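Undergrad: Have a look at the structure that comes next, please.
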Amino acid sequence: MTPEEHFEAIVAAEDKIEPTDWMPEAYRSTLIRQIAQHAHSEVIGMQPEGNWISRAPTLHRKAILMAKVQDEAGHGLYLYSAAETLGVRRDELQELLHQGKHKYSSIFNYPTLSWADIGAIGWLVDGAAITNQVMLTRCSYGPYARGMVRICKEESFHQRQGYEILIRLCQGSPEQNAMAQDALDRWWWPSLMMFGPHDTDSTHTEQSMQWKIKRVSNDELRQQFVDMTVPQADYLGLTMPDPALKWNEERGHYDFGEIDWDEFWTVVKGNGPMNRDRIEHKARAWDDGAWVRAAAAAHAARKSAAAASLTGAA
Amino acid sequence: MTYDVPLLPGESPEIEETTATAGEGWPLWEVFVRARRGISHVHIGSLHAPDPESALQNARDVYTRRGEGVSLWVVPSSEIHAFEPEDLVDYVEANEKVYRHATTYDIPDEVGHM
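As structure tokens, then:
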């Protein structure tokens, strides 16, 4: 059996590919790109939510939000670790992000304008992420799939806390209701865009599906998400900002309107409302933290030198 | 799909070379957690840290925030020596030695449980 046949047999048998296995170079680079983008998304995703930590309406909500943002940092770490098993270094990937050569999910290029946005992000953005990530727990690459299992467990908290924020707002004053509706109006379409282009326009989906990196197509995942979310909006008493949204008895799914693909590509190309801010902020935080990293390294070096001289003296 | 940002026209899916320097060169540590008393430590992930103390503190903060463990080990990744499938006893060969398995021996029913 050639290495290639062996690889294909493992994938066909629903077994996992592990870091030391032979794998096609394109499989490796596809995974590095996707896992790195996923990691960057987790890390950049801390910014829109971090924006509201100091203005959370209660101490309880503040504690929850800090825990959630801390989880996102952890998710970034799991994912960078998974990417490193493929032979890249985390600082290389980070450098590419800072240079604008690596992308992250476009959803984080939208601003968080009100407290209700924190609810909408948990409910919709994390809801869309879960739909995608549940699929990825079945990915053919072992370290990525295992990371997803951990992440999915934690995402469930994220989604529920967001939905609960909106329940409270929707039970509140007319102003609070309006705030919730406004958040839904602004986040609904970008959330649907998270699933990417239509299957017919998605160039490398087919190969990823063959390799079982990806198990379900963009459009199928988007439909799953819509079907799951519409009844949740109904419960809140909110109106989806899509006049074409309608239950289709025959299909057993909701029909919905067309995404504004011009907006989609504008944001992917780097011209969304927050693209520049996000990267500037990230790069600045990295540079500002240089002294902490240098101090930690100096401390470690001094301690190990001291330990070595003790051993030498003995 | 979320984490697979579509390529722009002319963009290559290949990994770009970086100009990144060696960075801080913090070593990589493998993290093992004992979920509860009575079971073995299990590999849970990895992280970069300058020394064992920081590795442990970071591992605690990242991997046991929800009470996932009662004991934590960190081991420098470079200290792990491994055999991979090709180094191990050939799978077919191992399975041919059926006499290693208890179920291959016929014991009369009258003897009872053995």
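As you go down the protein sequences, you meet chains A and B in turn.
For the first sequence, counting from 1, position 5 maps to 5 in my numbering; every step adds exactly one.
Here my numbering runs 1000 ahead of the position in the second sequence, where the first position is 1.
Here a beta-carbon is modelled for each residue, glycine too, at the ideal position from N, C-alpha and C.
These numbers come from a predicted model, not from an experiment.
(1) What does a CB cutoff of less than 7 Å around Trp247/A pick up in its chain, not counting 5 residues either side in sequence?
(2) With distances taken from CA atoms, which of His1081/B, Asn1058/B, Glu1084/B is nearest Leu1072/B?
(3) Going by C-alpha distance, which of Val1111/B, Val1098/B, Glu1053/B is nearest Lys303/A?
(4) By DSSP, does Glu258/A sit in helix, in strand, or in coil?
(5) For the alpha helix (DSSP H) holding Trp115/A, just list the boundary residues, first then last.
(6) Should Thr112/A be flagged as near chain B, meaning a C-beta pair shorter than 7 Å?
(7) Ignoring anything shorter than 3 residues, give me the beta strand (DSSP E) runs that lie fully in the segment 175 to 250 of chain A, in order along the chain.
(8) Strictly below 9 Å CB to CB, what residues from chain B border Ala83/A?
(9) Give me the DSSP bridge partner(s) of Ser1071/B.
(10) Does any residue of chain B bring its CB to less than 7 Å from the CB of Lys62/A?
(11) Shorter than 7 Å from the beta carbon of Thr20/A to some beta carbon of chain B?
(12) Using a Cβ-Cβ cut-off of 7 Å, state whether Asp1087/B counts as contacting chain A.
(13) Under 8 Å Cβ to Cβ from Ser156/A, same chain only, skipping five residues before and after it: list those, please.
(14) CB-CB under 7 Å to Met274/A, same chain, minus the five flanking residues each way: which ones, in chain order?
(15) Strictly by DSSP, which residues pair up with Ser1046/B?
(16) Closer than 7 Å between beta carbons: that is the criterion. Which residues of the segment 24 to 41 of chain A meet it against chain B?
(17) Would you identify the three-state DSSP class for Pro1085/B, choosing helix, strand or coil?
(18) Quick one: residues in its chain with C-beta nearer than 7 Å to the C-beta of Gly45/A, no 5 flanking neighbours on either side, listed in chain order?
(19) Check whether the Cβ of Gly1023/B lies closer than 7 Å to any Cβ atom in chain A.
(20) Taking only three categories from DSSP, how would you classify Pro24/A?
(21) Which of helix, strand or coil does DSSP assign to Pro1076/B?
(22) In this structure, does DSSP put His1113/B in helix, strand or coil?
(23) Mapping DSSP to helix, strand and coil, what is His98/A?
TA: With the given structure in hand:
(1) Translated into positions along the first sequence, residue 247/A becomes position 247. Taken in chain order, the residues that qualify are Tyr254.
(2) Along the second sequence, read from residue 1 onward, the residue named residue 1072/B stands at position 72. Out of His1081/B, Asn1058/B, Glu1084/B, Asn1058/B has the C-alpha closest to the C-alpha of Leu1072/B.
(3) On the first sequence, residue 303/A is found 303 positions in, with the first residue counted as 1. Out of Val1111/B, Val1098/B, Glu1053/B, Glu1053/B has the C-alpha closest to the C-alpha of Lys303/A.
(4) What you label residue 258/A is simply residue 258 of the first sequence in a count that begins at 1. Looking at Glu258/A - three-state DSSP - the assignment turns out to be coil, as it is neither helix nor strand.
(5) Here residue 115/A is taken as the residue at index 115 of the first sequence, counted from 1. Segment 115 to 120, the alpha helix (DSSP H) holding Trp115/A.
(6) Locating residue 112/A in the first sequence gives position 112, where the first residue counts as 1. Not an interface residue.
(7) 246 to 248
(8) The count along the first sequence starts at 1 and reaches residue 83/A at position 83. In chain order: nothing, as chain B lies at least about 10 Å away.
(9) On the second sequence, residue 1071/B is found 71 positions in, with the first residue counted as 1. DSSP lists Arg1034/B as partners of Ser1071/B.
(10) For the purposes of this step, residue 62/A is taken as residue 62 along the first sequence, with counting starting at 1. Not one chain B Cβ lies under 7 Å of Lys62/A.
(11) The sequence position of residue 20/A within the first sequence is 20, counting from 1. Yes, Thr20/A lies at the interface with chain B (some Cβ there is under 7 Å from its Cβ).
(12) Here residue 1087/B is taken as the residue at index 87 of the second sequence, counted from 1. Chain A contact via Cβ: absent.
(13) Within the first sequence, numbered from 1, the residue matching residue 156/A stands at position 156. Ile130, listed in sequence order.
(14) As a position in the first sequence, residue 274/A is number 274, starting the count at 1. Same-chain partners within the cutoff: Asn109, Tyr110, Pro111.
(15) What you label residue 1046/B is simply residue 46 of the second sequence in a count that begins at 1. Glu1030/B.
(16) Ser29, Thr30, Ile32, Arg33, Gln34, Gln37, His38, Ser41
(17) Counting from one through the second sequence, the residue named residue 1085/B turns up at place 85. Three-state DSSP puts Pro1085/B in a helix.
(18) Working through the first sequence from its first residue, we reach residue 45/A at position 45. Counting only Cβ-Cβ distances below 7 Å, and skipping sequence neighbours, we find Glu72, Phe108.
(19) Start at 1 with the first residue of the second sequence, and residue 1023/B comes out as number 23. With a pLDDT of only 49 at Gly1023/B, under the threshold of 50, the placement of this residue in the model should not be trusted; the figure read from the coordinates follows. Chain A contact via Cβ: present.
(20) Here residue 24/A is taken as the residue at index 24 of the first sequence, counted from 1. Correct three-state label for Pro24/A: coil.
(21) For the purposes of this step, residue 1076/B is identified with residue 76 of the second sequence, where counting begins at 1. Residue state for Pro1076/B is assigned as strand, using DSSP reduced to three classes.
(22) Along the second sequence, read from residue 1 onward, the residue named residue 1113/B stands at position 113. Three-state DSSP puts His1113/B in coil, outside helix and strand.
(23) Along the first sequence, one-based indexing puts residue 98/A at 98. Helix, per DSSP.
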